[in-house]
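Okay, structure first, notes after.
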Amino acid sequence: MSELMSALAALAADDLHSLSDGQVLDRTAMLVQLVNRASAELTRTVRCADTTQAAERDGLKSMRSWLIGHARLSPVEASRILRSGRALEHFPALAAGFADGQVTAAQVNVVAEKVGESEVARAVEQGIDLAAFDQVWALVAAESPHQSLVAAVQAFEDALDPDGPEPDPTEGRRLSIAKHADGSVTGRFDLDAVGGEKVQAAIESIVQADRPQGDERTRAQQNADALVQLCDNQLASGDLPILRTVKPHVVVGIDLDDLVDPATGPGVAGMGFGATISAARARYLACDGSISRIVMGPDGVPLDLGRDHRVVTPGLRKAVERRDQACVFAGCGAPSWWCDVHHLIHWLHGGETSLQNSALLCERHHTKVHHGFRVQRDPGGRWRTYRPDETEILIGLHIE
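If you're matching positions, the sequence shown starts at 6 in my numbering and goes up one per residue.
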């Protein structure tokens with residue numbers, strides 16, 4: 006073990022920038038194999054500790070609790086290692102590939118998640134040749150894309166229950182959303198094949214329709230933007246079910262003084278589901294929304310409720326859409342139904358709610374112009390876009 010630690014320390018001391026591209030890629034492949042072999046040895050060791058109840062030495066009931074408490078692994082990761090160790094006892098070819106570094110821990114988990122002790126027992130009862138599946142899985146895992154192993158394991162499940170009833174796809178669907186202290190959210194969902202296909206098709210339609218020139222977003226960022234855009238489209242359509250007697254909409258509460266103050270004002274605006282945003286972000290949302298005035302008494306009781314006032318009227322929006330037709334930010338062109346009507350000079354700072362003071366901007370570029378970028382329509386009717394340093398974004402090949 007000390008020799009292994011010394012070797013890793015030597016690797017960490019290497020100057021990676023002195024290596025050629027080929028050497029960096031070779032090093033990466035070698036490290037992947039090394040990680041796989043180390044993961045295999047960890048899995049084997051944990052399995053041994055699990056069967057001998059070694060965790061009792063430290064006063065713990067199980068190796069899962071030991072891994073969580075002593076090794077600080079997440080519950081999900083601890084369970085994965087234990088599950089894989091149990092499964093590999095039935096699949097020596099897959100275990101050998103794992104030990105040799107040709108199979109990843111994630112691939113082993115694909116098998117272990119679907120083939121537990123009960124499935125192995127049923128296969129033995131039905132005369133299914135586990136060794137044949139083991140050989141195929143080891144080969145597929147070592148030579149084919151990750152998804153191919155998923156299909157190969159599905160073949161085992163089909164053989165185990167060829168005449169089973171078609172499951173209700175909705176029973177396995179899950180969507181969980183966790184809200185963090187700053188109002189941001191993370192989530193996880195599990196969908197059946199058909200449900201997943203629908204979601205992918207919807208998101209892909211937005212991603213492929215929104216590919217502005219110079220887009221440097223990762224695929225994960227594109228997918229996230231597309232999901233928000235889908236929700237934007239549905240909220241704007243007005244076709245969603247009524248929520249608490251009103252149509253679903255984004256609600257932001259902010260004091261008037263903070264709203265009109267040009268400063269960023271972090272953490273002063275509250276949203277309907279409990280998130281807190283800055284005054285600058287609230288002003289961005291107020292570009293194309295409805296404003297309600299509520300006068301509060303000293304004890305926090307509302308004294309006066311003014312009528313909703315829509316900043317951009319439906320008629321004005323139609324006129325802006327007819328003129329601009331799409332997002333006017335250089336290189337974008339997102340369709341009008343993805344866009345907000347942006348005030349070139351914010352109405353809070355005296356800008357008129359008029360055709361001349363309006364521009365169509367998609368969500369991403371609406372955010373950009375509230376963070377230093379600027380769009381401007383020249384006398385000839387052409388939209389120009391400027392960076393925060395006031396240089397113009399030009400489309401095509403230009404030498405600056």
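By construction, the Cβ of each residue, glycine as well, lies at the ideal position given by its N, Cα and C atoms.
Please read all numbers here as calculations on a predicted model, not as lab measurements.
Quick check on the burial criterion: 16 or more other C-beta atoms within 10 angstroms. Buried or exposed for S44? Counted from its first residue, the sequence shown places residue 44 at position 39. Buried is the call here.
With a threshold of 8 Å, are at least 3 pairs of Cβ atoms found where one atom belongs to the segment 329-348 and the other to the segment 372-383? Yes, they touch.
Whether Q227 touches V212 by CB criterion (8 Å): Residue numbering aside, residue 227 sits at position 222 when the sequence shown is read from its first letter. Residue numbering aside, residue 212 sits at position 207 when the sequence shown is read from its first letter. Yes; because the gap between Cβ atoms is below 8 Å, this pair is in contact.
Separation of A160 from S7, as counted between CA atoms: Taking the sequence shown and counting its residues from 1, the one referred to as residue 7 is at position 2. Taking the sequence shown and counting its residues from 1, the one referred to as residue 160 is at position 155. Going from the Cα of S7 to the Cα of A160 covers about 43 Å.
Would you list the one or two residues that DSSP bridges to Q381? The residue given as residue 381 occupies position 376 in the sequence shown. According to DSSP, which records beta bridges pairwise, Q381 is partnered with R389.
Under a Cβ-count criterion, where at least 16 other Cβ atoms within 10 Å of its own Cβ denotes burial, should V273 be classed as buried or exposed? To locate residue 273, count along the sequence shown from 1; it is residue 268. The residue in question, V273, is buried, as its Cβ has 16 or more Cβ neighbours within 10 Å.
Where does R249 land, buried or exposed, given buried means 16+ other C-beta within 10 angstroms? Position 244 of the sequence shown, counted from the first residue, corresponds to residue 249. The predicted model places R249 with a pLDDT of 49, which falls under 50 and marks its position as unreliable; any figure quoted below should be read in that light. For R249, the number of other beta carbons within 10 angstroms of its own is below 16, and it is reported as exposed.
From the DSSP output, in three-state form, read off C367 for me. Within the sequence shown, the letter at position 362 stands for residue 367. Reduced to three states, the DSSP call for C367 is strand.
Touching by the beta-carbon criterion (3+ pairs, under 8 Å), the segment 175-193 and the segment 277-292: The segment 175-193 makes contact with the segment 277-292: 3 or more CB pairs, one atom from each, lie closer than 8 Å.
State the start and end residues of the unbroken beta strand (DSSP E) segment that holds G320. By one-based count along the sequence shown, residue 320 stands at place 315. Counting along the chain, no beta strand (DSSP E) covers G320; the unbroken alpha helix (DSSP H) around it starts and ends at 319-329.
For D244, name the three-state secondary structure that DSSP assigns. Walking along the sequence shown from the start, residue 244 turns up at place 239. It is coil, neither helix nor strand.
Based on the DSSP secondary-structure assignment, which residues constitute the bridge partners of G258? Here residue 258 is taken as the residue at index 253 of the sequence shown, counted from 1. The partner list for G258 (beta bridge, DSSP) reads G275.
Just list the residues that DSSP pairs D345 with in beta bridges. Taking the sequence shown and counting its residues from 1, one reaches residue 345 at position 340. In the DSSP output, where bridge partners are listed per residue, D345 has L366.
Under DSSP, the beta strand (DSSP E) around V108 begins and ends at which residues? Within the sequence shown, the letter at position 103 stands for residue 108. Careful: V108 lies outside any beta strand (DSSP E) and carries neither H nor E.
Looking at the unbroken beta strand (DSSP E) that takes in S153, where does it start and where does it end? Locating residue 153 in the sequence shown gives position 148, where the first residue counts as 1. Note, S153: premise wrong, no beta strand (DSSP E); alpha helix (DSSP H) at 151-165.
Kindly identify the DSSP beta-bridge partner or partners of L180. By one-based count along the sequence shown, residue 180 stands at place 175. DSSP lists F194 as partners of L180.
Could you give the C-beta distance for A285 and H375, rounded to a whole number, given that I count them as a contact under 8 Å? As a first step, residue 285 is located in the sequence shown; it is residue number 280 there, counting from the start. As a first step, residue 375 is located in the sequence shown; it is residue number 370 there, counting from the start. About 6 Å; that satisfies the 8 Å criterion.
Is E130 helix, strand or coil by DSSP? Here residue 130 refers to the residue found at position 125 of the sequence shown. Here E130 carries a helix assignment [DSSP, helix/strand/coil].
Reducing DSSP to helix, strand and coil, say where P97 ends up. Along the sequence shown, read from residue 1 onward, the residue named residue 97 stands at position 92. Note: P97 maps to helix in three-state DSSP.
Thinking C-beta only, is L47 closer than 8 Å to I86? Here residue 86 refers to the residue found at position 81 of the sequence shown. Here residue 47 refers to the residue found at position 42 of the sequence shown. One thing to note: I86 has its Cβ within 8 Å of the Cβ of L47.
Going along the chain, which residues of its own chain have a beta-carbon closer than 8 Å to the beta-carbon of G90, five neighbours each way excluded? Translated into the one-based positions of the sequence shown, residue 90 becomes position 85. If we look at G90 and ignore the five residues flanking it on each side, its Cβ neighbours are T48, R49, V51, R52, D55.
Excluding five sequence neighbours on each side, which residues of the same chain lie with their C-beta closer than 8 Å to the C-beta of A60? Within the sequence shown, the letter at position 55 stands for residue 60. Exclusion of the five residues before and after A60 leaves A54, K66, S67, M68, S70, W71 as the residues of its chain whose Cβ lies within less than 8 Å of its Cβ.
The alpha helix (DSSP H) enclosing E148, as first and last residue numbers: Along the sequence shown, read from residue 1 onward, the residue named residue 148 stands at position 143. Looking at the DSSP string, the run of the alpha helix (DSSP H) that includes E148 is 135-148.
With a 10 Å radius around its C-beta and 16 neighbouring C-beta atoms as the bar for buried, classify K373 as buried or exposed. Walking along the sequence shown from the start, residue 373 turns up at place 368. It is buried - the Cβ of K373 has at least 16 other Cβ atoms within 10 Å.
Going by DSSP, what residue range makes up the alpha helix (DSSP H) through V29? Residue numbering aside, residue 29 sits at position 24 when the sequence shown is read from its first letter. 26-57 is the span of the alpha helix (DSSP H), which, as asked, contains V29.
For P267, does the three-state DSSP call read helix, strand or coil? Position 262 of the sequence shown, counted from the first residue, corresponds to residue 267. DSSP places P267 in coil when its eight states are reduced to three.
Closer than 6 Å by C-beta to P467: which residues in its own chain qualify, once you throw out the five before and the five after it? Chain order, please. Residue 467 is absent from the structure shown; the chain starts at 6 and stops at 405.
Give me the Cβ distance between I133 and L165, rounded to the nearest whole Å; I'm assuming they're in contact under 8 Å. The residue given as residue 133 occupies position 128 in the sequence shown. The residue given as residue 165 occupies position 160 in the sequence shown. Yes, I133 and L165 are in contact; Cβ-Cβ is about 7 Å, under 8 Å.
With DSSP collapsed to three states, give me the class of T223. Position 218 of the sequence shown, counting from 1, holds the residue named residue 223. Note: T223 maps to coil in three-state DSSP.
Who pairs with E397 in a beta bridge, going by DSSP? Locating residue 397 in the sequence shown gives position 392, counting from the first residue. Answer is Y391.
In this structure, does DSSP put T358 in helix, strand or coil? Within the sequence shown, residue 358 is the residue found at index 353, counting from 1. Note: T358 maps to coil in three-state DSSP.
DSSP three-state assignment for I350, whether helix, strand or coil: If you number the sequence shown from 1, residue 350 lands on position 345. Reduced to three states, the DSSP call for I350 is coil.
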